[in-house]
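Engineer: Residue numbers (this note's numbering): 40 to 116.
For each residue, glycine too, the CB sits at the ideal point set by N, CA and C.
1. Tell me the rounded alpha-carbon separation between residue 112 and residue 105.
2. Excluding five sequence neighbours on each side, which residues of the same chain lie with their C-beta closer than 6 Å to the C-beta of residue 58?
3. Look at the alpha carbon of residue 100 and the alpha carbon of residue 114, and state the distance between them as a whole number of angstroms.
And the structure:
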């Protein structure tokens, strides 16, 4: 029984130390393996047809990119 208690306390101390480190550094939690890109997956959703919200976002991004391209073409310098 003492081994179980000792192991539990050890894991509790490690978890508290990790959470304190996270709070002190204020950094976002990030994986070290590269995420879905490392597996060759381009997107998290495999839906063949994107939802309306995503379609609207893509249209806004395309319009913004078109404006930026037009601005670069008309740029004097």
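Structural biologist: On the basis of the supplied data:
1. 11 Å
2. none
3. 21 Å
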